[in-house]
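Protein sequences, first through last, are from chains Y and V.
Under numbering that gives the first Met the number 0, the first residue of the first sequence carries the number 0, and numbering increases by one thereafter.
Under numbering that gives the first Met the number 0, the first residue of the second sequence carries the number 0, and numbering increases by one thereafter.
Don't be surprised by glycine CBs; every beta carbon is placed ideally from N, CA and C.
Some notes on the structure that comes next.
Number of protein chains: 2
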Amino acid sequence: MFRWVKGVRSFSSAASSLLADATTAAKLRQPASFQVFRDVPPLRQLRRKLLKNDRTVGFVPTMGALHEGHISLIRQAARENTDIFVSIFVNPTQFGVNEDLSSYPRTWDSDVEKLEALNEELARVEAETGSGAKAGRITAIFAPTSKVMYPTLPPSSEIDGDGSFVTITPLSTKLEGGSRPVFFRGVATVCMKLFNATTPDRVYFGQKDVQQTVVIKRMVQDFHIGTEVRIVNTTREPTGLALSSRNVYLGERRRAVGLTIYRALKAAEEAYLAGKTSRADILGAARSVTDTVLAEQHALSKTERSLFEVDYISLADPDSLEELDFVDAAKGGVLSAALKMAPLEETKPGEDCGLGDGKVPVRLIDNLILHPKA
Amino acid sequence: MFRWVKGVRSFSSAASSLLADATTAAKLRQPASFQVFRDVPPLRQLRRKLLKNDRTVGFVPTMGALHEGHISLIRQAARENTDIFVSIFVNPTQFGVNEDLSSYPRTWDSDVEKLEALNEELARVEAETGSGAKAGRITAIFAPTSKVMYPTLPPSSEIDGDGSFVTITPLSTKLEGGSRPVFFRGVATVCMKLFNATTPDRVYFGQKDVQQTVVIKRMVQDFHIGTEVRIVNTTREPTGLALSSRNVYLGERRRAVGLTIYRALKAAEEAYLAGKTSRADILGAARSVTDTVLAEQHALSKTERSLFEVDYISLADPDSLEELDFVDAAKGGVLSAALKMAPLEETKPGEDCGLGDGKVPVRLIDNLILHPKA
């Protein structure tokens with residue numbers, strides 16, 4: 000649930016981001032159907048009360064800017080718990096020094112509205128279906144300041160910066176971690192803090208960020224964290240494009256071509272399902288899709304085409320994320336990819352170019368699990 | 000409570016230490032008055048039951064080889080909790096590659112006897128003093144294997160080794176961390192695991208290992224661990240020498256000279272209490288003691304003297320452990336020192352030279368808190 004909109008220029012320093020914390024604090028709208036917590040002790044008090052009453056807590060960590068992907072996590076949590084805690088915190092330590100923490104969207108009011116609407120829907124559905132189908136409710140939003148989350152030292156984005164961190168290696172250095180060395184250290188660190196603050200029975204993460212799910216599962220296992228990690232299927236548009244906060248920057252043309260990432264992974268999955276086990280055969284099927292599309296696009300004019308770069312296409316072990324030469328059918332694997340959608344070179348009058356007018360480079364990621372074969 | 004007997008040659012590799020785990024597992028004597036847990040899930044079950052019954056858990060982490068210092072922690076825990084969990088686990092990740100994990104004493108049977116005796120004493124004291132003085136009891140011993148504590152990757156002692164770690168910098172690089180770069184990473188990592196496995200209301204550490212207390216307090220604060228860190232005064236011999244597992248290696252002659260560390264710190268403390276605030280004045284008082292003793296020893300013959308080296312004498316901030324030029328009387332400070340007691344050069348017939356016949360170099364550490372002045 001920790002996603003980052005890449006490619007937007009950074010406007011401000013960490014100092015002004017802490018200011019943003021304070022501004023947000025002042026104007027936080029208080030919702031009706033759940034409590035908002037800005038610090039840990041009162042949240043812990045509520046948690047203890049719930050525990051005494053045999054209620055269960057599902058926890059959904061977010062950085063706000065909620066979309067249907069987040070909502071699907073909460074719906075899943077509502078099916079499995081009496082109470083849902085949602086955190087909204089834009090975590091500075093997972094942004095690298097050259098990444099755009101300050102431009103990450105902060106959309107408190109609309110986030111709260113979405114959560115209130117969801118709570119109403121959960122109540123309505125429960126009432127309509129009768130006593131058979133109990134649904135949990137969002138009970139608490141945890142929206143801490145940076146100072147609450149990083150109480151002693153300023154949160155460092157430097158890989159050799161000082162602080163209190165959880166590091167999970169070599170997992171964190173693979174795939175997405177290759178280009179973003181502090182990212183999974185930041186995610187693991189903030190999740191450890193959030194898990195300790197909320198002590199949930201279950202935590203919910205989206206399959207979309209597969210490496211994040213692997214890192215968090217590893218952290219829970221290695222540190223004996225008393226919670227269950229639940230992974231929720233990627234929410235997709237009808238075309239198959241995985242939902243992402245950054246899709247708003249795509250526009251129509253790049254949205255169509257961006258689907259290539261899904262089509263390439265599907266082709267690789269089909270090769271596996273058809274009995275192929277070698278890296279060459281499985282990833283070759285994916286590469287064939289991306290190569291074909293890229294050739295087609297290059298043949299088009301600048302007002303028609305959308306160029307992209309394949310950052311990586313990976314076939315990896317589901318636990319270690321080590322690259323595989325062959326898939327062990329008893330264990331399966333993880334297919335994942337990242338595509339960099341270049342800015343549009345020339346736009347047409349009236350064209351839907353998305354937020355930022357097609358000028359924002361967008362990095363898309365997606366993955367499919369190759370399930371073990373019986 | 001994580002102490003390490005230094006200077007004994009290392010006999011075996013990490014592999015044979017894992018074997019030691021297994022051997023211990025096979026012959027674990029089952030005590031009468033508490034349960035022994037070798038894995039996390041059943042311990043968690045007990046913890047949950049205690050929580051439901053409004054009982055409180057005090058946790059005392061140890062590496063076994065229990066002495067009066069550990070017992071004083073448990074006594075304190077018994078005054079403040081209904082139930083006490085004691086862990087016995089020799090943690091590989093806090094031993095450097097050249098340190099002697101394999102020679103760390105493993106004394107399961109005598110440890111269990113001591114804990115049983117203590118439980119009997121706690122019951123007796125409670126019975127004698129009537130209902131006014133409730134005392135907690137040791138309910139559980141957690142004695143995990145290395146595989147339970149490090150389930151996915153072999154525990155690495157390399158500073159750049161792979162694994163799941165908690166790092167607390169720059170705190171961990173100060174004082175003791177200077178000469179032992181992986182030590183506090185290992186301590187923080189294993190404590191995070193142990194705290195998660197036991198979810199105690201309170202954890203108990205000895206003042207003796209002052210840097211450890213500062214690192215653990217910082218970890219609990221930064222990661223929002225829901226426990227209270229209780230620091231218990233250093234247990235001392237009547238002379239003032241701080242109790243330590245490694246004192247058994249000293250023998251009579253080195254025991255007398257080893258007291259210098261305490262006398263030096265006391266001299267520095269007196270300077271502070273007399274109104275001195277500068278590093279030069281406070282540490283000068285300590286240095287004057289060590290210099291005098293060292294000169295006296297050098298003047299003696301090899302059969303009479305005990306030589307030593309001052310590793311460091313430090314005057315530091317109580318939260319950051321940064322060295323101080325001046326003590327802010329409103330905040331106080333930490334005086335700490337390490338002394339390396341050299342092997343005896345020549346021994347006399349019938350002399351009490353301690354375990355290892357005076358040949359084992361012994362590193363002593365000690366500290367005093369300079370309390371803030373009103």
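Partners in chain Y for V/Ile374, counting only beta-carbon separations shorter than 8 Å:
Limits of chain V in this structure are 0 at one end and 373 at the other, which puts residue 374 of chain V out of reach.
Would you call Y/Thr302 buried or exposed, if buried means 16 or more other Cβ atoms sit within 10 Å of its Cβ?
Looking up residue 302 of chain Y in the first sequence gives position 303. Residue burial annotation: Y/Thr302 is exposed, with fewer than 16 other C-beta atoms found within 10 angstroms of its C-beta.
For V/Asn118, does the count of other Cβ atoms within 10 angstroms reach 16, so buried, or fall short, so exposed?
On the second sequence, residue 118 of chain V is found 119 positions in, with the first residue counted as 1. So V/Asn118 ends up on the buried side.
Option nearest Y/Leu170 by Cα separation, candidates Y/Gly162, Y/Pro180, Y/Phe164:
The residue given as residue 170 of chain Y occupies position 171 in the first sequence. Comparing Cα positions, the closest option is Y/Pro180.
Report all residues from its chain with a CB closer than 6 Å to the CB of V/Val292; omit the five preceding and five following residues, and keep chain order.
Here residue 292 of chain V refers to the residue found at position 293 of the second sequence. Taken in chain order, the residues that qualify are Thr259.
Hey, how far is the Cα of V/Ala142 from the Cα of V/Phe33?
As a working note, residue 142 of chain V is residue 143 in the second sequence. As a working note, residue 33 of chain V is residue 34 in the second sequence. Approximately 12 Å, taken between the alpha carbons.
Along chain V, in chain order, which residues have C-beta atoms closer than 7 Å to that of Y/Thr151?
For the purposes of this step, residue 151 of chain Y is taken as residue 152 along the first sequence, with counting starting at 1. Going along chain V in sequence order, the residues near Y/Thr151 (Cβ under 7 Å) are Arg217, Gln220, Asp221.
Just verifying my parser: in three-state terms, what is the DSSP assignment at Y/Asp290?
Working through the first sequence from its first residue, we reach residue 290 of chain Y at position 291. Reduced to three states, the DSSP call for Y/Asp290 is helix.
Using DSSP's beta-bridge definition, name the partner residues of V/Asn366.
In the second sequence, the residue the question calls residue 366 of chain V occupies position 367. Per DSSP, the beta-bridge partners of V/Asn366 are V/Ser335.
DSSP state of Y/Arg235 mapped onto helix, strand, coil
Position 236 of the first sequence, counted from the start, is the residue given in the question as residue 235 of chain Y. The DSSP-derived three-state label of Y/Arg235 is strand.
What residues in its chain sit with their C-beta under 7 Å from that of V/Gly380, if we drop five residues either side in the sequence?
Residue 380 of chain V cannot be examined here, being either before or after the span of chain V that is shown, 0 to 373.
Measuring CB to CB, does V/Glu175 end up less than 7 Å from V/Gln210?
One-based indexing of the second sequence puts residue 175 of chain V at position 176. One-based indexing of the second sequence puts residue 210 of chain V at position 211. For the pair V/Glu175 and V/Gln210, the CB atoms are nearer than the 7 Å cut-off.
Return the residues of the region 317–333 of chain Y that lie within a Cβ-Cβ distance of less than 7 Å from chain V, sorted by chain order.
Listed by position along the chain: nothing, the set is empty.
DSSP three-state label for V/Pro153, please.
Numbered from its first residue, the second sequence carries residue 153 of chain V at position 154. In this structure, V/Pro153 counts as coil in the three-state DSSP scheme.
CB contact below 7 Å: V/Cys190 versus chain Y:
Taking the first residue of the second sequence as position 1, residue 190 of chain V is located at position 191. Put simply, the CB of V/Cys190 is far from chain Y, with every gap to its CB atoms at 7 Å or more.
Taking the alpha carbon of V/Arg184 as the reference point, which residue from V/Ala336, V/Phe164, V/Ala64 has its own alpha carbon closest?
As a first step, residue 184 of chain V must be located in the second sequence, where it is residue number 185. Ranking V/Ala336, V/Phe164, V/Ala64 by CA distance to the CA of V/Arg184 puts V/Phe164 first.
Any Cβ of chain Y within less than 7 Å of the Cβ of V/Arg165?
Stepping through the second sequence from its first residue, residue 165 of chain V is reached at position 166. With the sequence shown as reference, residue 165 of chain V is identified as Val, and Arg is not the correct amino acid for it. Yes, because at least one Cβ of chain Y sits closer than 7 Å to the Cβ of V/Val165.
Assigned secondary structure, V/Lys5 (DSSP; H/G/I helix, E/B strand, else coil)
Walking along the second sequence from the start, residue 5 of chain V turns up at place 6. Legend: pLDDT at V/Lys5 = 37, less than 50; position of this residue unreliable, no value from coordinates given.
Is it true that the CB of Y/Gly332 sits closer than 7 Å to the CB of Y/Leu323?
Here residue 323 of chain Y refers to the residue found at position 324 when the first sequence is read from its first residue. Here residue 332 of chain Y refers to the residue found at position 333 when the first sequence is read from its first residue. Contact flag set, yes.
Which of the three DSSP states, helix, strand or coil, is assigned to V/Ala77?
Walking along the second sequence from the start, residue 77 of chain V turns up at place 78. Under the three-state reduction of DSSP, V/Ala77 is assigned to helix.
Return the first residue and the last residue of the beta strand (DSSP E) that V/Val111 is part of.
Numbered from 1 along the second sequence, position 112 holds the residue referred to as residue 111 of chain V. Counting along the chain, V/Val111 falls outside any beta strand (DSSP E), though it belongs to the alpha helix (DSSP H) covering 107–128.
If we call anything under 7 Å between Cβ atoms a contact, is V/Val326 one with Y/His223?
Taking the second sequence and counting its residues from 1, the one referred to as residue 326 of chain V is at position 327. Taking the first sequence and counting its residues from 1, the one referred to as residue 223 of chain Y is at position 224. With respect to the 7 Å criterion, V/Val326 and Y/His223 are not classified as neighbours on the basis of their beta carbons.
What does the alpha-carbon distance come out to for the pair V/Thr22 and V/Ala64?
By 1-based counting over the second sequence, the position of residue 22 of chain V is 23. By 1-based counting over the second sequence, the position of residue 64 of chain V is 65. Confidence at V/Thr22 is low in this model, with a pLDDT of 44, below 50, so its placement is unreliable and the value that follows should be read with caution. Approximately 17 Å, taken between the alpha carbons.
V/Leu369 versus V/Leu314: straight-line alpha-carbon distance, rounded:
As a working mapping, residue 369 of chain V is identified with position 370 in the second sequence. As a working mapping, residue 314 of chain V is identified with position 315 in the second sequence. The alpha-carbon atoms of V/Leu369 and V/Leu314 are separated by roughly 9 Å.
Tell me, please, whether the CB atom of V/Pro91 is closer than 7 Å to any CB atom in chain Y?
As a first step, residue 91 of chain V is located in the second sequence; it is residue number 92 there, counting from the start. Answer no: the Cβ-Cβ gap between V/Pro91 and chain Y never drops below 7 Å.
Sorted by chain position, which residues of the same chain lie with C-beta nearer than 7 Å to V/Thr212's C-beta, five sequence neighbours on each side aside?
The sequence position of residue 212 of chain V within the second sequence is 213, counting from 1. The residues are Phe204, Gln206, Ile230.
Can the beta-carbon of Y/Gly250 be found closer than 7 Å to that of Y/Gly357?
Position 251 of the first sequence, counted from the first residue, corresponds to residue 250 of chain Y. Position 358 of the first sequence, counted from the first residue, corresponds to residue 357 of chain Y. Between Y/Gly250 and Y/Gly357, the C-beta gap is smaller than 7 Å, which places the two residues in contact.
Taking the straight line between their C-alpha atoms, what separation do you get for V/Leu354 and V/Gln220?
In the second sequence, residue 354 of chain V corresponds to position 355, counting from 1. In the second sequence, residue 220 of chain V corresponds to position 221, counting from 1. Answer to the nearest angstrom: the Cα atoms are 40 Å apart.
Nearest candidate by alpha-carbon position, reference V/Val89, set V/Glu79, V/Ala76, V/Trp107:
As a working note, residue 89 of chain V is residue 90 in the second sequence. If we check each option's Cα against that of V/Val89, V/Trp107 comes out closest.
Can you pull the DSSP bridge partners for Y/Pro60?
Within the first sequence, residue 60 of chain Y is the residue found at index 61, counting from 1. In the DSSP output, where bridge partners are listed per residue, Y/Pro60 has Y/Ser86.
So Y/Ala77 packs on Y/Leu121, CB below 8 Å; how close in whole Å?
By one-based count along the first sequence, residue 77 of chain Y stands at place 78. By one-based count along the first sequence, residue 121 of chain Y stands at place 122. Confirmed, Cβ separation roughly 5 Å.
Three-state secondary structure assigned by DSSP to V/Ile260
Here residue 260 of chain V corresponds to residue number 261 of the second sequence, with the count starting at 1. Residue state, collapsed to three classes: helix.
Per DSSP, what kind of secondary structure is Y/Leu320 in: helix, strand or coil?
By one-based count along the first sequence, residue 320 of chain Y stands at place 321. Correct three-state label for Y/Leu320: coil.
Among residues of its own chain, excluding the 5 on either side of V/Thr168, which ones have a beta-carbon nearer than 7 Å to its beta-carbon?
Position 169 of the second sequence, counted from the start, is the residue given in the question as residue 168 of chain V. Setting aside the 5 residues that flank it on each side, V/Thr168 has no residue in the same chain whose C-beta is closer than 7 Å to its C-beta.
In terms of DSSP beta bridges, what is V/Glu227 paired with?
Here residue 227 of chain V corresponds to residue number 228 of the second sequence, with the count starting at 1. Looking at the DSSP output, V/Glu227 sits in a beta bridge with V/Arg201.
Sequence-distant residues of the same chain with beta carbon closer than 8 Å to Y/Asp310, five excluded per side
The sequence position of residue 310 of chain Y within the first sequence is 311, counting from 1. Hits under 8 Å: Ser178, Ala336, Ala337, Leu338, Lys339, Arg362.
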